[in-house]
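Structure, as structure tokens:
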Amino acid sequence: MESHKEAQLKGVFECHLCGLTAPYSYYGQKPPNTRSVVLLEESYVMKDPFTPDKDKFLILGSQCSLCNRRVCVGTECSLFYCKRFCLPCINENLQAFPLEIRQDLDKKKSHSKSHPSKNADART
1 MESHKEAQLK GVFECHLCGL TAPYSYYGQK PPNTRSVVLL EESYVMKDPF TPDKDKFLIL
61 GSQCSLCNRR VCVGTECSLF YCKRFCLPCI NENLQAFPLE IRQDLDKKKS HSKSHPSKNA
121 DART
């Protein structure tokens, strides 16, 4: 017989770009135990391990709307602009994005080049 904890686990999310892995308990737009939350995209979600409140959750990531690869919500891996896009797809289709998005991406690129040690271990 499965334990209660195992019954809640749906699988393991893995980011195609950075390799972040985490068990997820839900995939979709309406996480369980939430009152009126509807996410803007189909997302991989886990219960927030830092609180006993079962209404709290963390969004791990989603699928890129162009290449369908799983990517985390980290700014080094993806961007949400109406839909989720991985950075490689954004770079391939940069001219299709509004000027403000392109400018923000340029700022992030220049910031990451000037602060490499800060971004090297951003997930720990």
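Residues 1 to 124 in the UniProt record's numbering are what the sequence shown lists, from first letter to last.
Note that CB positions come from ideal geometry on N, CA and C, so glycine has one too.
The DSSP-derived three-state label of S25 is coil.
Within the model, the alpha-carbon separation for K30 versus E42 is close to 9 Å. Note that the C-beta distance between K54 and N33 is below 7 Å. The Cβ-Cβ distance between C64 and F85 falls below 7 Å. F13 and L58 have their C-alpha atoms roughly 12 Å apart.
Looking at the backbone, the Cα of P88 and that of H16 are separated by about 11 Å. One alpha carbon belongs to L40, the other to R69, and they sit about 18 Å apart. Per DSSP, the beta bridge partners of K83 are Y81. One thing to note: L60 has its Cβ within 7 Å of the Cβ of Y44. Under the three-state reduction of DSSP, L99 is assigned to helix.
For E42, the secondary structure class from DSSP, reduced to helix, strand or coil, is coil. Rounded to the nearest whole angstrom, the C-alpha separation of S25 and P52 is 16 Å.
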